[in-house]
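K.L.:
Let me begin by handing over the structure; questions about it come next.
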């Protein structure tokens, strides 16, 4: 950390030295101010703390402090059985519980090497894409509120409410679902699930467009985010960025395409990457843009899944769930594309126990946030807020 | 002009009334609009803002207290009155306590020269406009006192931003108002209004009699948003950056006073813009042939009605902008002031001068 | 050996090819290739050469492991060792992946830091230090990251005993 103290403008000069007295000319003292932003601050999205060293409005350096929400996820995992970890994964990225569950379940399934019914796969993809839209809505809404626009935030939450009630109807819970289980699902979907999801898709399309016009095409919004917090592609990769953050830097990298899992290879969707016409590649606006465009792609995926999903009367979604999950000795690193990037699990099994020897969660927000210190150097405080917002952190996942 | 002699007599009699040396009547005359505005600001301003924002955001807003939540503000006031009045131990107590008072006084002093009708005016100063523009600057002192006295870094940031903003935006705002003064040839608020009165209704307003006036009108409107710290220029209280800006440490009644001052100055700038460009208390309706709409809708009560309606309209536009637009950044705000608004206000000043010379 | 190579899935074969490249360069410094289907990996035997290996893996034009997906600390109580497991991947030119294990003694062991090679490693190494207590030599800012600074013990070690009180607050529930 840069040495704290007097700013460089401060200088002392001896201008005249008489026989008896020394006249010293001194510039006015300017000192750096340490500004502790958070853990209770409206725009740190939870309990992140940034220790900013500021020179007026300019942030000289910002050091993130984490751990206020640390709940020993990895320690718990070593104590409980494999299926009992699923609810804990919900609590990591609580805005995208389905995606967290999916990532965990496919990792364990990879270790178990078991087949999943096709209907289950499609339902998993539908719910996790619905959750991706919900998560992006929160990301966009809170980003708008970070930049001072209140109305888009409430528009986002209004639409997210429809997804929440859909998922509640399916799983019984609004945020912490415990719906995707290892080898299957907790329940099959209700009877007119397809109609209601299709209704939502038709409802949401114009709303997403409205949101785009209200926020993304707003002159002030563009001014606030354009050319701010630029991250070049190679540095982004070196920082381990993933998801919309990496795509915002112009790297076409989406695990649903590049390391396909579930039924994604059968589906037709684009991976939106900023082309540099509307935004500078790698700036806050690009990252926002990627999220805004991804919602449309998710809608496409949901529509295709609804078409392709096999109808099976009296389908038992728990039929193939192993009674006792005890994988053979080995280790696995499995991952899935979360709304915030690559959510990976590194699991070690000793072949004897029903709980993992080691379960490490590779949290996308944690990795994305680690670039904060570099990104914030020399930015204005309002830009710092814009950058934090564009990283779209969920502290539950950062601190685990 | 359409001033009503009977009301003038009545108000003259009232202002002449005094108990001993104390001119009670004069105080009452001056207080009537003030009390009205204070009540308005507290109840309908806050309620209106909450309802308008709610409708813009697809929700209902306050619905619980009274019919359609109409008593919500009263409940809020009761809550604020009951709250503990916290003064932080490390705060500069004197400044902390006096700051909201300065803010309040600053925003309400200008009401003295606002004409609410042909007879309703606290003091018809011959430098009324000048006074109104000048007295607003006291708010900057109040904000600085509040921000510095809180001994809170966020509050200090908010205060410094706010003072920089108010001082900067006063320049284009004053030059824009000067255009109106030039068109009227006077600085007296009452006479500026009278210059825009006539049987043609809105056709006599400066905004419509003069092809240039829309430019100072827009400049003043934008600057007034910045002067009252309203979105998209609400950076001094930018809640996502500075928590709550200069009043972060305030609670209870002191917070309510700051809030009230903000709504007061919102109405004040709205009234000034209506007086300078939209004819103040004059009726917008023209006389069409035998149908004398203008004459019918003029008079002391109508005058107060019209200026308050015009004020409400601008407050509505302010709220509309607030709930639509994101916030500018500090440097963008200053850029807008010094590199866009100030040059354009000078241009409009020159153009208005040419117009006035040629007419 | 040939038979085993035939049975490997394409992904594991790619990893094997990458491994062969590294093995050629570093020889005995790294162990044999573990071609399991879920996470093919090799171990760094000569820990002091870990940074060289890392730089080679990142910069060699045939490897280009520019993306450190995950770095996890692991406890190996029966070997009396602590270790890290790194999952590498190439974004861009190639699609190969590989995992690397680096181990150090349990008490007072240290591993060279690769945070200068991949920025990702910076916080992940801090996390591994926080949870397991191995020291990363050359790390620019090795502090605890998730636990409080004055927490005692390293929580994810298998023999971890939770402290009774923390600033007067009872810890175990």
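Protein chains in written order, with my numbering: chain V, 61 to 460; chain R, 171 to 529; chain Y, 11 to 183. Even glycine gets a Cβ: it sits at the ideal position worked out from N, Cα and C. In this text the structure is predicted, and so the values were computed from the model without any measurement.
#1: Are any of the Cβ atoms in chain Y nearer than 7 Å to that of residue 448 of chain V?
#2: So that I know if they touch, is there some Cβ in chain Y lying closer than 7 Å to that of residue 126 of chain V?
#3: Could you name the residues of chain V that residue 511 of chain R contacts, counting a contact when the two beta carbons are closer than 9 Å?
#4: Could you tell me the alpha carbon to alpha carbon distance between residue 189 of chain R and residue 282 of chain R, rounded to whole angstroms?
#5: Hey, residue 447 of chain R and residue 377 of chain R are a contact pair by Cβ (cut 8 Å); roughly how many whole angstroms apart?
#6: Return the CA-CA distance between residue 458 of chain V and residue 175 of chain V, expressed in angstroms with no decimal places.
#7: Identify the residues that DSSP records as bridge partners of residue 110 of chain V: which are they?
#8: Reducing DSSP to helix, strand and coil, say where residue 439 of chain R ends up.
#9: State the DSSP-derived secondary structure class of residue 404 of chain V, mapped to helix, strand or coil.
#10: Within 7 Å of any Cβ in chain V, is that where the Cβ of residue 499 of chain R sits?
#11: Three-state secondary structure (DSSP) at residue 332 of chain V?
#12: Considering only residues of the same chain and omitting the five flanking positions on each side of residue 266 of chain R, which have a CB-CB separation below 7 Å?
#13: According to the Cβ coordinates, are residue 368 of chain R and residue 453 of chain R closer than 7 Å?
#14: Just the C-alpha distance for residue 172 of chain R and residue 366 of chain R, rounded to the nearest angstrom, thanks.
#15: Taking 8 Å as the threshold, find out whether the stretch 192–210 of chain V comes into contact with the stretch 421–437 of chain V through three or more Cβ pairs.
#16: Under a three-way DSSP split, which group does residue 85 of chain Y fall into?
#17: Roughly how many angstroms lie between the CA atoms of residue 524 of chain R and residue 390 of chain R, to the nearest whole one?
#18: Mind checking residue 70 of chain V: buried by the 16 CB within 10 Å criterion, or exposed?
#19: Identify the contact partners of residue 93 of chain V in chain R, using a Cβ-Cβ distance below 7 Å as the criterion.
#20: For the stretch 433–445 of chain V, list every residue whose C-beta sits within 9 Å of some C-beta in chain R, in sequence order.
#21: Can you give, in chain order, each stretch of the beta strand (DSSP E) that sits fully within the stretch 355–409 of chain V and has at least 3 residues?
#22: Cα separation between residue 127 of chain Y and residue 78 of chain Y?
#23: Could you tell me which residues DSSP pairs with residue 176 of chain Y in its beta bridges?
#24: If you run the structure through DSSP and keep just helix, strand and coil, what is residue 94 of chain Y?
#25: To which residues does DSSP link residue 241 of chain V through a beta bridge?
#26: What residue from Y:175, Y:105 and Y:98 has the CA that sits closest to residue 393 of chain V's CA?
#27: According to DSSP, is residue 154 of chain Y helix, strand or coil?
#28: Could you tell me which chain Y residues have their CB closer than 9 Å to the CB of residue 298 of chain V, listed as they occur along the chain?
#29: Determine, using beta carbons only, whether residue 488 of chain R comes closer than 7 Å to chain V.
#30: Identify the contact partners of residue 401 of chain R in chain V, using a Cβ-Cβ distance below 9 Å as the criterion.
#31: Output needed for residue 141 of chain R: all residues of its chain with C-beta closer than 6 Å, excluding positions within five of it in sequence on either side, in chain order.
#32: What does residue 204 of chain V touch in chain R if you count any residue whose Cβ is under 8 Å from its own?
#33: Hey, is residue 218 of chain V's beta-carbon within less than 7 Å of any beta-carbon in chain R?
#34: Give the range of the beta strand (DSSP E) segment to which residue 109 of chain Y is assigned.
#35: How is residue 286 of chain R classed by DSSP in three states: helix, strand or coil?
#36: Take residue 55 of chain Y and list the residues in its own chain whose beta-carbon comes closer than 8 Å to its own, dropping the five residues that flank it on each side.
P.N.:
In terms of the structure at hand:
#1: no
#2: yes
#3: Going along chain V, no residue has its Cβ under 9 Å from residue 511 of chain R, so there is no contact; the nearest lies around 16 Å.
#4: 22 Å
#5: 5 Å
#6: 32 Å
#7: V:97 and V:124
#8: helix
#9: strand
#10: yes
#11: coil
#12: 257, 319 and 320
#13: no
#14: For residue 172 of chain R, the predicted model reports a pLDDT of 42, less than 50, meaning its position is unreliable; a value from the coordinates is still stated below. Computed Cα separation, rounded: 12 Å.
#15: no
#16: strand
#17: 20 Å
#18: Because the pLDDT of residue 70 of chain V is 49, which lies under 50, any placement of that residue in the model is unreliable, and the number read from its coordinates should be weighed accordingly. Label assigned to residue 70 of chain V: exposed.
#19: 323
#20: 440, 441, 442, 443, 444 and 445
#21: 390–398 and 401–409
#22: 10 Å
#23: Y:179
#24: strand
#25: V:244
#26: Y:98
#27: coil
#28: 68, 76, 77, 78, 127, 128, 129 and 130
#29: no
#30: 208, 209 and 210
#31: Residue 141 of chain R is absent from the model: chain R starts at 171 and stops at 529.
#32: 496
#33: yes
#34: 107–115
#35: coil
#36: 38, 39, 40 and 41
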